[in-house]
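Reviewing the structure listed below.
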Amino acid sequence: MRVNITVNDEPRSDEVEPRLLLVHYLREVCDLRAANVGCDTTSCGACTVLLDGKSVKSCTVLTVQADGHSVTTAEGLDGGAEELHPVQAAFRAEHGLQCGFCTPGMVMATVGFLSENPHPTEEEVREGLEGNFCRCTGYHNIVRAVLHAAESA
Amino acid sequence: MSILGTRVLRTEDPRFLTIGGNYTEDLVDERLTGAVHVFFVRSPVAHARIVGIDPSGALAAPGVVAVYTAADLADLPDVPPILPTMNQAMKRPPLARDVVRYVGDPVAIVVTEEAYQGEDAVELVDVDYDALAAVVDIDESLAGETLLFPEAGTNVAIEYGSEADLDSKLFDGCEVVVKHRIVNQRIAPAPMESRGAAAVWGDDGRLTAWIPNQGAQGTKGAMVGMLGIGAADVRVITPDVGGGFGAKFGADLEHVATAWVARKLNRPARWNETRYENLLGMTHARAQIQTVTVGGTRDGRMEAYRLEILQDCGGYPKIGGLLPSLTILMTPGTYAFDRAESIAKAIVTNTTPVGAYRGAGRPEATAAVERAVDLFAAEIGMDPAQVRRRNLLPPFTEPHQTKFGAVYDTGDYEAALDRVLEAADYEQLRAEQAKRRANGDPIALGIGLSSYVEVTGGGAESGEPHENALVEVHPDGSVTILTGTSPHGQGHETAWAMLASDVLGIPMDKITLKWGDTDLIPRGGGTGGSRSLQQGGSAVQKASRELVDVARTRAAEELEANPDDLQFDVATSAFAVAGVPGTSVSLAQLAEHERLFVETDFFQPGATFPFGAHVAVVDVDTETGKVVLRRVIAVDDAGVILNPLLADGQRHGGIAQGAAQAFLEEFVYDADGNPMTASFADYPFPSATEMPSFELVDMQTPTTYNPLGAKGIGEAGTIGSTPAVQNAVVDALSHLGVRHIDLPTSPQRVWKAIQAARSENA
Chain C
3 MRVNITVNDE PRSDEVEPRL LLVHYLREVC DLRAANVGCD TTSCGACTVL
53 LDGKSVKSCT VLTVQADGHS VTTAEGLDGG AEELHPVQAA FRAEHGLQCG
103 FCTPGMVMAT VGFLSENPHP TEEEVREGLE GNFCRCTGYH NIVRAVLHAA
153 ESA
Chain L
4 MSILGTRVLR TEDPRFLTIG GNYTEDLVDE RLTGAVHVFF VRSPVAHARI
54 VGIDPSGALA APGVVAVYTA ADLADLPDVP PILPTMNQAM KRPPLARDVV
104 RYVGDPVAIV VTEEAYQGED AVELVDVDYD ALAAVVDIDE SLAGETLLFP
154 EAGTNVAIEY GSEADLDSKL FDGCEVVVKH RIVNQRIAPA PMESRGAAAV
204 WGDDGRLTAW IPNQGAQGTK GAMVGMLGIG AADVRVITPD VGGGFGAKFG
254 ADLEHVATAW VARKLNRPAR WNETRYENLL GMTHARAQIQ TVTVGGTRDG
304 RMEAYRLEIL QDCGGYPKIG GLLPSLTILM TPGTYAFDRA ESIAKAIVTN
354 TTPVGAYRGA GRPEATAAVE RAVDLFAAEI GMDPAQVRRR NLLPPFTEPH
404 QTKFGAVYDT GDYEAALDRV LEAADYEQLR AEQAKRRANG DPIALGIGLS
454 SYVEVTGGGA ESGEPHENAL VEVHPDGSVT ILTGTSPHGQ GHETAWAMLA
504 SDVLGIPMDK ITLKWGDTDL IPRGGGTGGS RSLQQGGSAV QKASRELVDV
554 ARTRAAEELE ANPDDLQFDV ATSAFAVAGV PGTSVSLAQL AEHERLFVET
604 DFFQPGATFP FGAHVAVVDV DTETGKVVLR RVIAVDDAGV ILNPLLADGQ
654 RHGGIAQGAA QAFLEEFVYD ADGNPMTASF ADYPFPSATE MPSFELVDMQ
704 TPTTYNPLGA KGIGEAGTIG STPAVQNAVV DALSHLGVRH IDLPTSPQRV
754 WKAIQAARSE NA
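Now the structure itself:
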């Protein structure tokens, strides 16, 4: 099937298998490998990207479902004049990543979450990121990073 | 001012945050062009004879290149148990040959052109099984009615001492003796990146294998052994690694099989594990049943302690069989028992093999002794903090030798306990607990303590623990460091650059760290056992200092001066002649005509012993059994801290993993050996909602074993937090008469304990 998808602000047109998952489209067809596959049950969120600005787990979206829509991955976050987008910068400032595997998904989930709740409490941050697993940080510094990003926005 | 000891942001972060790490599954390399995809047919039953394998359905499926079974892999040797002292009949074939021994045991390999084709085709390999009785329970295995390896004549893989060695008089004269059987449950390491491999054989007959691991040199050694080829014929490269936690040391049969397929087909091959496979195929952890006995006086002095361990190794004895030796080593923990002893048996069951996981044997020791202390305190009706204070080893600065062979380097356990109690405001917590109890509050408050000492940076195969480093200054003023350690989240790129920059006066952004390529760095111990900074970091500092010495000689020639008259100015990274302004030469300039580098080894006189104390605070809903973790307050003394940002991150992650073992995680099998928790939808992996923010208290008691004064920090948090949280849950219900709840303190277990205590009281 042919799909027309805007990926990180660039319009694309690709022929894909109907069952191709969005995460595999991004990784294998678009060569965007920041989003990772961490489970097979939509539990871990390592594959989180934005679909029309809302965070989705791209392992549970078929590529054809994204036809006519816009997808943003960690590679596509715009920091403007800065090297890093404010959320990425906050993750660095607060040491919100260690091995990095959950990080692109965690960052995109945060961007999506803060767009819905720009001034969250700690508890709201924890609930907002419940669907994104991290094995390294114990979430302590991820929560700090999200609060930091909210403050600096 | 030195950069050491300051909070320095990670240099590796921008890459991870923008384009993401370059993990094995991400690799784009022309050597891997046209790679086939490797899939494993895994046993769906726990114990069975393989009657036949019919690959025809799979072979007819689109894109299937080949299907292989054990018969095809006859050129690969069987893998013996990891220690020669283990029962040598418990060998593992490269694929299950006649018998499968756990759900997930690989039976056949399916190779396809594309990844999706493989997922379909593994379902089409028809394996005929003749079921055998499954041995899932440790006691059942010990009874030996069904043997996993009949030729071994037993299910016991190895024993560390025996009942006959126990002192029948150990508890003679004790006013109080408490004995309890406790479970340190099986859990899954579950790094976010599962396992994988990419392999290609060159025209020169050499294998290049990309494998996510914790030390390329050890992984290479394992590959060489399992492939039965020469060491010169294997190159292992470590891509970015998405977490290891002890479970990515060495190499597994799937890595070997991927390399074998690449050789057989003369094509590059890749394997990427699904999470389902990971939860069945990667080693599990802990899995001990412990019997603790503690005896002492009614006024709170603990005189004698005994620990008896049953270790579940799973289907094949791997590192799991070694873990009890580390548990035994740390038997008495921080306490001054007059008498203590421990023994262990490691047995096989029809479950996933057990291996190392954050702490590897030491968390089990701490969990046992800390539970024993609380059982003793409850028996004599004394506050657990007071019992601990009464029995801790006094502070020492000269090494303290235990009868179990551990040599604690430095320690002040009482100071750690005092600090954590003060930071937690222990008295106030007890007051709140009393108030809730008086009010009949259905949400009970629990306060749990742990005091721990652990061992880090030990485990060299021979002689003193050591690590190597190569530091080179280039003519453009940049620096390359080669290390035998292997970061997978710990921040070595930042930490090692700090150490070199501090000595060489070259900015961190000009320093590049390389690791994980056995052609470039043939020697190295990898990262595990919390060894990296104390040995690998010390080696980087030593190499940097020696490089300045080498450069001094060269600068003396250049400046026609006596080396002793030269001063090295770190601010400018240059030598100048004392009292002669205007004459100087930089390290970069000194590298122009001849390579300027030093390769060196740092040897440490022994392992180091970090210690600490934790307080956990929980709410326990006495009507539902649900536990909510409110606070963890932690003192983790790992000596001198190089970068508090990194050290705190290690503590946070460690505390969370330890706490999760205490009240959430458990890998469960049914009585037939069917896994009940083989996905992230079923396995209770902790999320952000289940963890509080952690309260870290600073304490730094240097070790004299290395110039940094550093001990290991990677595992400490995990070791301290499990017993603190478990003790807190039991403490919450102590007024009801509850004395013990096994790990994890799930709502069901807590609720049952409450009901049992109530019916006993009624």
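Chains as they are written, first to last, in this note's numbering: chain C, 3 to 155; chain L, 4 to 765. Note that beta-carbon positions come from the ideal geometry of N, C-alpha and C, so glycine has one too. Predicted model only: the values in this text are computed from it and were never measured.
Distance between GLU132 (chain C) and PRO120 (chain C) (C-alpha atoms, nearest Å): On the first sequence, residue 120 (chain C) is found 118 positions in, with the first residue counted as 1. On the first sequence, residue 132 (chain C) is found 130 positions in, with the first residue counted as 1. Their Cα atoms are separated by approximately 17 Å.
ILE644 (chain L) versus LEU536 (chain L): straight-line alpha-carbon distance, rounded: Numbered from 1 along the second sequence, position 641 holds the residue referred to as residue 644 (chain L). Numbered from 1 along the second sequence, position 533 holds the residue referred to as residue 536 (chain L). Straight-line Cα distance between these residues: approximately 10 Å.
Collapsed DSSP secondary structure at ASN442 (chain L) in the structure displayed: Position 439 of the second sequence, counted from the first residue, corresponds to residue 442 (chain L). ASN442 (chain L) falls in the helix class under three-state DSSP.
Segment contact flag, the segment 688-702 of chain L with the segment 746-759 of chain L, C-beta cutoff 8 Å, min 3 pairs: A contact is defined here as three or more CB-CB pairs under 8 Å, and the segment 688-702 of chain L fails this definition with respect to the segment 746-759 of chain L.
Euclidean distance between Cα positions of GLU118 (chain C) and LEU53 (chain C): Position 116 of the first sequence, counted from the first residue, corresponds to residue 118 (chain C). Position 51 of the first sequence, counted from the first residue, corresponds to residue 53 (chain C). Near 14 Å, if we compare the C-alpha coordinates of LEU53 (chain C) and GLU118 (chain C).
Ordered list of alpha helix (DSSP H) runs contained in the segment 390-453 of chain L, each at least 4 residues: 416-427 and 429-442
For GLN538 (chain L), the three-state DSSP class (helix, strand or coil): One-based indexing of the second sequence puts residue 538 (chain L) at position 535. Looking at GLN538 (chain L) - three-state DSSP - the assignment turns out to be helix.
Under the three-state DSSP convention, the category LYS348 (chain L) falls into: Translated into the one-based positions of the second sequence, residue 348 (chain L) becomes position 345. Strand.
Under the three-state DSSP convention, the category HIS71 (chain C) falls into: Within the first sequence, the letter at position 69 stands for residue 71 (chain C). If DSSP states are grouped into helix, strand and coil, HIS71 (chain C) belongs with coil.
Interfacial residues, the segment 244-255 of chain L to chain C, with Cβ spacing under 9 Å: VAL244, GLY245, GLY246, GLY247 and PHE248
Exposure of PRO327 (chain L), with buried meaning 16 or more beta-carbon neighbours within 10 Å: Position 324 of the second sequence, counted from the first residue, corresponds to residue 327 (chain L). Looking at its Cβ environment, which holds 16 or more other Cβ atoms inside 10 Å, PRO327 (chain L) is buried.
Interface partners of GLU90 (chain C) on chain L, CB under 7 Å: As a first step, residue 90 (chain C) must be located in the first sequence, where it is residue number 88. For clarity, residue 90 (chain C) is Gln in the given sequence; the question names Glu instead. LEU20 and THR21, listed in chain order.
Contact under 9 Å by Cβ, LEU34 (chain C) with LEU64 (chain C): Here residue 34 (chain C) is taken as the residue at index 32 of the first sequence, counted from 1. Here residue 64 (chain C) is taken as the residue at index 62 of the first sequence, counted from 1. Against a cut-off of 9 Å, the Cβ pair of LEU64 (chain C) and LEU34 (chain C) comes out as no contact.
Length of the line joining the Cα atoms of ASP142 (chain L) and GLN389 (chain L): For the purposes of this step, residue 142 (chain L) is taken as the residue at position 139 of the second sequence. For the purposes of this step, residue 389 (chain L) is taken as the residue at position 386 of the second sequence. Approximately 36 Å between the Cα atoms of the pair.
Member of C:HIS26, C:GLY114 and C:PHE103 whose CA lies at the smallest distance from the CA of CYS46 (chain C): Within the first sequence, the letter at position 44 stands for residue 46 (chain C). Answer by Cα proximity: C:PHE103.
Start and end residues, beta strand (DSSP E) containing ALA503 (chain L): What you label residue 503 (chain L) is simply residue 500 of the second sequence in a count that begins at 1. It is not in any beta strand (DSSP E) - ALA503 (chain L) instead sits in the alpha helix (DSSP H) that spans 495-507.
Contacts of ASN143 (chain C) in chain L (Cβ-Cβ under 7 Å): Taking the first residue of the first sequence as 1, we reach residue 143 (chain C) at position 141. GLY652 and HIS655, listed in chain order.
Chain L contact for GLU132 (chain C) (CB, 9 Å cutoff): Mapped onto the first sequence, residue 132 (chain C) falls at position 130. Yes, GLU132 (chain C) counts as interfacial toward chain L.
Span of the beta strand (DSSP E), counted from its first residue to its last, around PHE43 (chain L): Working through the second sequence from its first residue, we reach residue 43 (chain L) at position 40. Run containing PHE43 (chain L): 39-45, per the beta strand (DSSP E) assignment.
N- and C-terminal bounds of the beta strand (DSSP E) containing VAL227 (chain L): Start at 1 with the first residue of the second sequence, and residue 227 (chain L) comes out as number 224. Annotation: VAL227 (chain L) is outside any beta strand (DSSP E); the continuous alpha helix (DSSP H) that includes it extends over 219-230.
Through-space distance from GLY231 (chain L) to VAL601 (chain L), alpha-carbon basis: Numbered from 1 along the second sequence, position 598 holds the residue referred to as residue 601 (chain L). Numbered from 1 along the second sequence, position 228 holds the residue referred to as residue 231 (chain L). Using only the alpha carbons, I get a separation of about 34 Å.
Contacts that ARG634 (chain L) makes with chain C (C-beta to C-beta distance below 8 Å): Position 631 of the second sequence, counted from the first residue, corresponds to residue 634 (chain L). Per Cβ cutoff of 8 Å: no residues; ARG634 (chain L) is ~12 Å from chain C at best.
Closer than 9 Å at the beta carbon, the chain C residues around SER535 (chain L): Indexing the second sequence from 1 puts residue 535 (chain L) at position 532. Counting only Cβ-Cβ distances below 9 Å, SER535 (chain L) has no contacts in chain C at all, with the closest Cβ about 13 Å away.
First through last residue of the beta strand (DSSP E) which encompasses THR748 (chain L): As a working note, residue 748 (chain L) is residue 745 in the second sequence. Per DSSP, THR748 (chain L) belongs to no beta strand (DSSP E) and is neither H nor E.
Boundaries (first-last residue) of the alpha helix (DSSP H) holding GLY284 (chain L): Locating residue 284 (chain L) in the second sequence gives position 281, where the first residue counts as 1. First-last of the alpha helix (DSSP H) with GLY284 (chain L): 278-284.
C-beta atoms of ALA191 (chain L) and ALA288 (chain L) nearer than 9 Å: On the second sequence, position 188 is the one that residue 191 (chain L) refers to. On the second sequence, position 285 is the one that residue 288 (chain L) refers to. Yes, these two residues count as a Cβ contact at 9 Å.
Helix, strand or coil at GLU178 (chain L) according to DSSP, with G and I counted as helix: Position 175 of the second sequence, counted from the start, is the residue given in the question as residue 178 (chain L). Looking at GLU178 (chain L) - three-state DSSP - the assignment turns out to be coil, as it is neither helix nor strand.
Any non-hydrogen atom of the ligand NAP closer than 8 Å to GLN293 (chain L) Cβ: Only the bare structure without any ligand can be found here, which leaves the ligand NAP out of the picture.
With 16 other Cβ atoms within 10 Å as the buried cut-off, status of PHE399 (chain L): Locating residue 399 (chain L) in the second sequence gives position 396, counting from the first residue. Classification of PHE399 (chain L): exposed, given that the 10 Å Cβ count is below 16.
Residue span of the alpha helix (DSSP H) that contains GLU367 (chain L), given as start and end: The residue you call residue 367 (chain L) lines up with position 364 of the second sequence. 365-383 is the span of the alpha helix (DSSP H), which, as asked, contains GLU367 (chain L).
Residues that DSSP places opposite ALA111 (chain C) in a beta bridge: As a working mapping, residue 111 (chain C) is identified with position 109 in the first sequence. Answer is none; ALA111 (chain C) lacks a bridge partner.
At least 3 beta-carbon pairs within less than 8 Å: the segment 212-221 of chain L vs the segment 234-254 of chain L: yes
Contact the segment 258-269 of chain L vs the segment 498-515 of chain L: 3+ CB pairs below 8 Å: Three or more Cβ pairs closer than 8 Å define a contact, and the segment 258-269 of chain L falls short of that threshold against the segment 498-515 of chain L.
Contact set for ALA118 (chain L): own chain, Cβ-Cβ below 7 Å, skip 5 residues either direction: Taking the second sequence and counting its residues from 1, the one referred to as residue 118 (chain L) is at position 115. Same-chain partners within the cutoff: HIS40.
Secondary structure, alpha helix (DSSP H): runs of 4+ residues fully inside the segment 98-164 of chain L: List check, alpha helix (DSSP H) in window: 118-124 and 141-146.
Residues near VAL553 (chain L) by beta carbon distance below 8 Å, same chain, minus five either side: As a first step, residue 553 (chain L) must be located in the second sequence, where it is residue number 550. LEU599 and VAL601, listed in sequence order.
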